[in-house]
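Asks: Numbering (the numbering used here), first residue to last: 56 to 294.
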Ligand code: GLN
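Here it is in structure tokens:
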């Protein structure tokens, strides 16, 4: 591996970071360090410029008001759109996922998104709250997915993105698919945090950041994540 330090930007913790989303940064750092790769976490508040040229960008979920403010500031800043264009990996959770699309609803209004992902979000008839599970995209080879969701939005995918998973429990985008990906950009409704519950997705993002094949990455001890996953899947199994 040619990279010795990964610079990972954790965007807008002052606006978007619910249900343990910052755990995604901790999981990436832990899994990189287990492979001898240092991680330099860069926490960027919404009143700061987003650095160009980092190795990965993470953005979390949040309530409607902070989501609308975050989208406006991200559009003004422009660096996240440039990072996507440059093929940098981006992981976006829930509100962060919706605002990567063409448009989203917040507080009864439609807002422009960043247009990084070909999708649009509107509102569902009821809030989607609880466990979410499904079969991850075969193309990404991430196995079954597990997370926690809490959102009012529903997301409609365009042709330039693929679903991250097909749901077996919970709602995700629309009760059929969950999340979306295109290139090295992944959006998901999974909190929990998503990468603690889905280590193969964490490794995929790391492999993209390092420009290597994920199958060539040394194994890490996944006894604890596997216990957590088994527990969550059992919780969804019919009695
Ligand atoms: N405000 C958005 C919605 O309700 C996102 C919620 C979240 O990030 N948990 O759909």
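Where a beta carbon is used, it is the ideal one built from N, C-alpha and C, also for glycine.
Because the structure is a prediction, the values reported are computed rather than measured.
At a cut-off of 7 Å, is residue 205 close to ligand 1 when judged by its beta-carbon and the heavy atoms of the ligand?
Replies: The answer is yes for residue 205.
Asks: Anyone know if the C-beta pair for residue 10 and residue 192 falls short of 8 Å?
Replies: No answer is possible for residue 10: the residues shown for the chain start at 56 and end at 294.
Asks: Quick check: residue 109 and residue 62, are their CB atoms within less than 8 Å of each other?
Replies: Yes. Within cutoff.
Asks: Given 7 Å as the limit, tell me if residue 149 has its C-beta closer than that to any heavy atom belonging to ligand 1.
Replies: Checking the Cβ of residue 149 against ligand 1 gives yes.
Asks: Does the separation of the CB atoms of residue 209 and residue 229 fall below 8 Å?
Replies: Closer than 8 Å, so yes.
Asks: For residue 179, which option in 206, 80, 243 and 235 has the closest C-alpha, if you only look at C-alpha atoms?
Replies: When only C-alpha atoms are compared, the closest one is 206.
Asks: What are the partner residues of residue 197, as DSSP defines its beta bridges?
Replies: In the DSSP output, where bridge partners are listed per residue, residue 197 has none listed.
Asks: Apart from the five residues just before and just after residue 104, which ones in its own chain have a Cβ nearer than 8 Å to its Cβ?
Replies: So the list reads 132 and 134, once near-sequence residues are dropped.
Asks: Take residue 59 as the anchor and find which of 86, 93 and 84 has the nearest alpha-carbon.
Replies: If we check each option's Cα against that of residue 59, 93 comes out closest.
Asks: If residue 183 sits next to residue 214, beta carbons under 8 Å apart, how far is it from one beta carbon to the other, in whole angstroms?
Replies: Rounded, the Cβ-Cβ distance is 24 Å, inconsistent with contact.
Asks: Flag this pair as yes or no: are the beta carbons of residue 149 and residue 244 separated by less than 8 Å?
Replies: Their beta carbons are under 8 Å apart, which means residue 149 touches residue 244 by this criterion.
Asks: Quick check: the Cα distance between residue 65 and residue 113, rounded to an integer number of angstroms?
Replies: Distance between the alpha carbons of residue 65 and residue 113: 5 Å.
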